[in-house]
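**Student:**
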Amino acid sequence: MSIWNYAEYAAWGLSAVFALYMVIDWLKTDSTYSEEVLTSSREGELEAMTEAQGGHHG
Amino acid sequence: MADFDITSKERDGMGPHGTSVGLLRVLGPAHVWALGVGIVLVGEYMGWNFAVGKGGAYAALVACWFAGILYTCVAMIDSEVTSTVAAAGGQYTQAKHIVGPLMAFNVGLYLVFAYTMLEAANAITAGYLISEVARLSGFEGTLDQRPFIILSIMFLAWLNYRGVLATLTFNLVITAIAFTAIIILFLSTTGIVGTSLMQHADLMSGSAALPYGWIGVLAAMHFGLWYYLGIEGTTQAAEEVRSPARALPFGTLAGIMTLLIAATLTWYVCTGLIPWEYLGDGLNGSVAPLFTAALLTNSQPLVWLLGVGTLFATLASANGCINDASRAWFSLGRDKYLPGWFGAVHPTFRTPYRSIVFLVPIALAFALKAPLDQVVTFSILSGLLNYTFMPLNMIMFRKKWPMGSIIRGYEHPFHPLPSIVLLSLCAITFFAVFLGYGTQLVAMIAFYIVASLWFHFWRYRFVNRASQFTMPWPRPKGY
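Below you can see the structure in the form of structure tokens.
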């Protein structure tokens, strides 16, 4: 077997490790935190604050 | 309210309007540059040379500079609008604020398709490059490219999953190396350092100058886009930069300047070393022209440098595409244009993790099952539809919120000239695409029409209309 054949196996193995990491962490995260917290991100928070600060100082 | 500092370590990414977990604001202008140039630079390493095949070396140069004007307009327009609409989703969020929901939905899809297809194309290329390295190193069997294609996507998706700062710092390093490799090749082959190897006079004389006349120049326009395709992706970082009004225009405009230099140097070096017939055949001839140019110098260090540069440019592009496609998908989910489930942010890594993971199998399917030229064409077409939207968006933006009515981080000069130029160049490029890929163009437009009907008649009822307009702007003029 050439080093490139080993490289093929290594690539398959590493791909599986990265995939498993993401899937396991994803499931763990989803079961640890509530959906409300995970999807609480709102667009325009910084802008809203900038405006609020502007209003506060102004 | 003044106590809320979104950039502080305590409150970073968390806001007063309900956000418990938001994207992390950690990026600077250099990361924006790395995102934009990183996605595009692979186009200098491969792909642009199909323009030479369509119309010869001069046609490729005309296409390079015409497309350069098109993308300078894109960069200027993007910089102005995004420095004002600073949210993940980029042009999708712009469309949502300025045009309306149906346009926004379509633009969101253009973005996801353009970047996911480009990611798939990059992974195919990475697999091919590794098999070439194996062949050049004396491997006699046939290397299975699939594990390397999958590993490219998995590794970069994992990196994106783990955090945006590491992802784009990685992009910054590998993009800088790939760009420096082009500069070193230029310096080493043009006589600035050592002897000049350039043979432009011989390679571009007689019928080689413009082998198919001016129609060849027109046909070359399609692949001229390849020099710069993706620079507009900088806008996707809007919600993760520390100072959007400064970092986005600075990173984007520095990015297009870098690409104009890289594109022109690439054209000059490659057309001075490689006969146009071989250079223009990107399938059976020069697949990676800068690498071919390095091979022709007979310099081992240059061959290695450009080989590494080609691989790094490919990975940087795929990496940036995962970042951008996931932000666009995440934004669509967050506003319920798609199921709200996709709008989740990882509480530790502060990334749109579900969107990142969801798009992985789609990218893999295209990378493993679809032919490269089809994948690339669908990516270009989606990008082109996005560029057509941009000038219309810009004209409406200036009309609804004239100068002085809202604070802009950057104001582009000569309005409406860049919009008109961009719209005209898009029309020419559509015609050029139609000449070569008419069926795909019609199929793509049909797909977006069907998707629009689905959105209008079904999905729109679920859209979170309260978050349709989130910027603290005054009522638009005339409304």
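Protein sequences appear in the order of chains P and H. Numbering-wise (the working numbering), the first sequence opens with residue 1 and increments by one. Numbering-wise (the working numbering), the second sequence opens with residue 1001 and increments by one. A virtual CB, placed ideally from N, CA and C, is assigned to each residue, including glycine.
1. Distance check for Ala16 (chain P) and Ile1150 (chain H), CA to CA, integer angstroms please.
2. Got a sec: is the Cβ-Cβ distance from Ser76 (chain P) to anything in chain H below 8 angstroms?
3. Answer with buried or exposed for Asp1003 (chain H), where buried requires no fewer than 16 other C-beta atoms within 10 angstroms of its C-beta.
4. Cβ atoms of Gly1255 (chain H) and Ala1022 (chain H): under 8 angstroms apart, would you say?
5. Can you give me the start and stop residues for the alpha helix (DSSP H) that Trp26 (chain P) sits inside?
6. Under 8 angstroms between the Cβ atoms of Leu1338 (chain H) and Ala1075 (chain H)?
7. Please report how far the alpha carbon of Ala1288 (chain H) lies from the alpha carbon of Phe1050 (chain H), in whole angstroms.
8. Which class does Ile1406 (chain H) belong to by DSSP, given the choice of helix, strand or coil?
9. Within the 8 angstroms Cβ cut-off, does Tyr21 (chain P) reach chain H?
10. Quick check for students: name the residue ranges of the beta strand (DSSP E) that lie wholly in the region 1314-1364 of chain H, counting only runs of 3 or more.
11. Which residues of chain P have a Cβ atom closer than 7 angstroms to the Cβ of Tyr1161 (chain H), listed in chain order?
12. Our contact map puts Thr1234 (chain H) next to Leu1248 (chain H) with C-beta atoms below 8 angstroms; I'd like the distance itself, whole angstroms only.
13. Please list the partners that Leu1151 (chain H) has in chain P, where partner means a Cβ-to-Cβ separation under 7 angstroms.
14. Leaving out the 5 sequence neighbours to the left and right, which residues in its chain are closer than 7 angstroms to Arg1408 (chain H) when beta-carbon positions are compared?
15. Return helix, strand or coil for Val1241 (chain H), following the three-state DSSP convention.
16. Do Ile1174 (chain H) and Leu1315 (chain H) have their beta-carbon atoms positioned less than 8 angstroms apart in this structure?
17. Count the C-beta pairs between the region 31-38 of chain P and the region 1358-1377 of chain H that are closer than 8 angstroms, then say yes if the count reaches three, no if not.
18. For Leu27 (chain P), return the contacting residues in chain H, with the cut-off set at a CB-CB distance below 8 angstroms.
19. Beta-carbon of Met1103 (chain H) versus every beta-carbon of chain P: anything under 8 angstroms?
20. Whose CA, out of H:Ser1452, H:His1415 and H:Lys1399, lies closest to the CA of Tyr1479 (chain H)?
21. To which residues of the same chain is Glu1240 (chain H) closer than 8 angstroms at the C-beta, ignoring the five residues directly before and after it?
22. The alpha helix (DSSP H) that contains Gln1145 (chain H), what's its start and end?
23. Taking 8 angstroms as the CB-CB cut-off, is His1415 (chain H) touching chain P?
24. When you compare the CB of Phe1148 (chain H) with every CB in chain P, is at least one pair closer than 8 angstroms?
25. Select from H:Leu1185, H:Leu1385 and H:Phe1397 the residue whose C-alpha is nearest the C-alpha of Ala1294 (chain H).
26. When you compare only the Cα positions, how much space is there between Ile1183 (chain H) and Val1463 (chain H)?
27. Quick one: what's Ser1196 (chain H) bridged to in DSSP?
28. Which value, in whole angstroms, describes the spacing of the CA atoms of Thr1007 (chain H) and Ser41 (chain P)?
29. With a threshold of 16 other CB atoms inside 10 Å of the CB of Asn1386 (chain H), please say whether the residue is buried or exposed.
30. For chain P, is any of its Cβ atoms less than 8 angstroms away from the one on Thr1142 (chain H)?
31. DSSP on Leu1210 (chain H), reduced to helix/strand/coil?
32. Is it a yes or a no for the region 1133-1148 of chain H touching the region 1323-1341 of chain H, going by three-plus beta-carbon pairs under 8 angstroms?
33. Please state whether DSSP places Ala1002 (chain H) in a helix, a strand or coil.
34. Leaving out the 5 sequence neighbours to the left and right, which residues in its chain are closer than 8 angstroms to Leu1423 (chain H) when beta-carbon positions are compared?
35. Does DSSP put Leu1024 (chain H) in a helix, in a strand, or in coil?
36. Within 10 angstroms of its Cβ, does Gln1300 (chain H) collect 16 or more other Cβ (buried), or is it exposed?
**Tutor:** In short:
1. In the second sequence, counting from the first residue as 1, residue 1150 (chain H) sits at position 150. In the first sequence, counting from the first residue as 1, residue 16 (chain P) sits at position 16. Their backbone Cα atoms lie some 9 angstroms apart in a straight line.
2. With chain P running from 1 to 58 in the structure shown, residue 76 (chain P) is simply not present.
3. Along the second sequence, read from residue 1 onward, the residue named residue 1003 (chain H) stands at position 3. Because Asp1003 (chain H) carries a pLDDT of 45, less than 50, the predicted location of this residue cannot be relied on, and the following value inherits that uncertainty. So Asp1003 (chain H) counts as exposed.
4. Indexing the second sequence from 1 puts residue 1022 (chain H) at position 22. Indexing the second sequence from 1 puts residue 1255 (chain H) at position 255. Residue identity differs from the one stated: residue 1022 (chain H) is Gly in this sequence, not Ala. Not in contact: Gly1022 (chain H) and Gly1255 (chain H) (Cβ atoms no closer than 8 angstroms).
5. Translated into the one-based positions of the first sequence, residue 26 (chain P) becomes position 26. Here the alpha helix (DSSP H) through Trp26 (chain P) covers Ile3 to Thr32.
6. Residue numbering aside, residue 1338 (chain H) sits at position 338 when the second sequence is read from its first letter. Residue numbering aside, residue 1075 (chain H) sits at position 75 when the second sequence is read from its first letter. No, Cβ-Cβ distance for Leu1338 (chain H) and Ala1075 (chain H) is not below 8 angstroms.
7. Numbered from 1 along the second sequence, position 288 holds the residue referred to as residue 1288 (chain H). Numbered from 1 along the second sequence, position 50 holds the residue referred to as residue 1050 (chain H). Each residue's Cα considered, the two are about 11 angstroms apart.
8. In the second sequence, counting from the first residue as 1, residue 1406 (chain H) sits at position 406. Strand.
9. Locating residue 21 (chain P) in the first sequence gives position 21, where the first residue counts as 1. It does: the Cβ of Tyr21 (chain P) has a partner Cβ on chain H nearer than 8 angstroms.
10. none
11. Taking the second sequence and counting its residues from 1, one reaches residue 1161 (chain H) at position 161. Going along chain P in sequence order, the residues near Tyr1161 (chain H) (Cβ under 7 angstroms) are Met22.
12. For this step, residue 1234 (chain H) is matched to residue 234 along the second sequence. For this step, residue 1248 (chain H) is matched to residue 248 along the second sequence. Yes, they are in contact, since the Cβ atoms of Thr1234 (chain H) and Leu1248 (chain H) sit about 6 angstroms apart, within 8 angstroms.
13. Within the second sequence, the letter at position 151 stands for residue 1151 (chain H). Under the 7 angstroms cutoff, chain P gives Ala11, Leu14 and Ser15.
14. The residue labelled residue 1408 (chain H) in the question sits at position 408 within the second sequence. Within the same chain, Arg1408 (chain H) has close Cβ partners Glu1080, Ser1083 and Thr1084.
15. Taking the second sequence and counting its residues from 1, one reaches residue 1241 (chain H) at position 241. Of the three classes helix, strand and coil, the one that applies to Val1241 (chain H) here is strand, per DSSP.
16. The residue you call residue 1315 (chain H) lines up with position 315 of the second sequence. The residue you call residue 1174 (chain H) lines up with position 174 of the second sequence. Yes, the Cβ-Cβ distance between Leu1315 (chain H) and Ile1174 (chain H) is below 8 angstroms.
17. no
18. Taking the first residue of the first sequence as position 1, residue 27 (chain P) is located at position 27. Near Leu27 (chain P) there are no residues of chain H at all, since even the closest Cβ is about 10 angstroms away, more than 8 angstroms.
19. For the purposes of this step, residue 1103 (chain H) is identified with residue 103 of the second sequence, where counting begins at 1. No, its Cβ sits nowhere closer than 8 angstroms to a Cβ of chain P.
20. Here residue 1479 (chain H) refers to the residue found at position 479 when the second sequence is read from its first residue. If we check each option's Cα against that of Tyr1479 (chain H), H:Lys1399 comes out closest.
21. Locating residue 1240 (chain H) in the second sequence gives position 240, counting from the first residue. Around Glu1240 (chain H): Leu1023, Leu1024, Arg1025, Val1026, Leu1027, Ala1088 and Val1164.
22. For the purposes of this step, residue 1145 (chain H) is identified with residue 145 of the second sequence, where counting begins at 1. It is not in any alpha helix (DSSP H) - Gln1145 (chain H) carries neither H nor E in the DSSP assignment.
23. Translated into the one-based positions of the second sequence, residue 1415 (chain H) becomes position 415. No, its Cβ sits nowhere closer than 8 angstroms to a Cβ of chain P.
24. Translated into positions along the second sequence, residue 1148 (chain H) becomes position 148. It does; some Cβ of chain P falls within 8 angstroms.
25. As a working mapping, residue 1294 (chain H) is identified with position 294 in the second sequence. The residue with the shortest Cα to Cα distance from Ala1294 (chain H) is H:Leu1185.
26. Counted from its first residue, the second sequence places residue 1183 (chain H) at position 183. Counted from its first residue, the second sequence places residue 1463 (chain H) at position 463. Approximately 48 angstroms, taken between the alpha carbons.
27. Residue 1196 (chain H) sits at position 196 when you count from the first residue of the second sequence. Ser1196 (chain H) is bridged to H:Thr1190.
28. Start at 1 with the first residue of the second sequence, and residue 1007 (chain H) comes out as number 7. Start at 1 with the first residue of the first sequence, and residue 41 (chain P) comes out as number 41. Residue placement at Thr1007 (chain H) is poorly supported in this model, since its pLDDT is 48, which falls under 50; the coordinates still yield a value, given next. Using only the alpha carbons, I get a separation of about 16 angstroms.
29. Counted from its first residue, the second sequence places residue 1386 (chain H) at position 386. With 16 or more Cβ atoms within 10 Å of its Cβ, Asn1386 (chain H) is classed as buried.
30. If you number the second sequence from 1, residue 1142 (chain H) lands on position 142. For Thr1142 (chain H), the answer is no, since every Cβ of chain P falls outside 8 angstroms of its Cβ.
31. Here residue 1210 (chain H) refers to the residue found at position 210 of the second sequence. Note: Leu1210 (chain H) maps to coil in three-state DSSP.
32. no
33. Here residue 1002 (chain H) refers to the residue found at position 2 when the second sequence is read from its first residue. For Ala1002 (chain H), the predicted model reports a pLDDT of 40, less than 50, meaning its position is unreliable; a value from the coordinates is still stated below. Three-state DSSP puts Ala1002 (chain H) in coil, outside helix and strand.
34. Your numbering for residue 1423 (chain H) matches position 423 in the second sequence. Within the same chain, Leu1423 (chain H) has close Cβ partners Thr1388, Pro1391 and Leu1392.
35. Against the second sequence, residue 1024 (chain H) aligns to sequence position 24. Three-state result, Leu1024 (chain H): coil.
36. Counting from 1 along the second sequence, the entry for residue 1300 (chain H) is found at position 300. With fewer than 16 other Cβ atoms within 10 Å, it is exposed.
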